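**Q** The sequence shown: position 56 = 68 (the working numbering), numbered continuously. Below is the structure I would like to discuss, written out as structure tokens.
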Amino acid sequence: MSTELKTPLIRLAKRTSMDSKKVWLIRASSIIIALILGCIPVILTGNNPFEAYKIIIQGSLSRPIYLKQTIKIAIPLLGCALAIAPCFKMKFWNIGAE
13 MSTELKTPLI RLAKRTSMDS KKVWLIRASS IIIALILGCI PVILTGNNPF EAYKIIIQGS
73 LSRPIYLKQT IKIAIPLLGC ALAIAPCFKM KFWNIGAE
């Protein structure tokens, strides 16, 4: 058995600081890229991606009961995200959250 340490494939380093304009540009571009990637399966099925996004928004936000159901489903997901955020901050990755 070798006692040498392996060099990691990915090295994470903390940034000192970022310009707020750059932070918002990264966030906006991430959302745009996610929307574009979400269009790919819709286009492959032969449907209009803009119509699909319109149906998603109308189906979750158009009536008060739909909005209530959307919030009802989102609350446990947000709760899990808030519960595991400190674990990720402490670099404790394998926690089995669902």
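Cβ coordinates follow ideal geometry from the N, Cα and C atoms, glycine included. As the structure is a prediction and not an experimental result, all values here were calculated from the model.
For residue 73, does the three-state DSSP call read helix, strand or coil?
**A** If DSSP states are grouped into helix, strand and coil, residue 73 belongs with the helices.
**Q** Reducing DSSP to helix, strand and coil, say where residue 18 ends up.
**A** DSSP places residue 18 in coil when its eight states are reduced to three.
**Q** If I'm right that residue 73 touches residue 82 with Cβ under 8 Å, what's the distance once you round it to whole angstroms?
**A** That belief holds up - the Cβ atoms of residue 73 and residue 82 are roughly 7 Å apart, short of 8 Å.
**Q** Please report the residue range of the alpha helix (DSSP H) in which residue 50 lies.
**A** Taken as a continuous stretch (DSSP letters only), the alpha helix (DSSP H) holding residue 50 covers 32–56.
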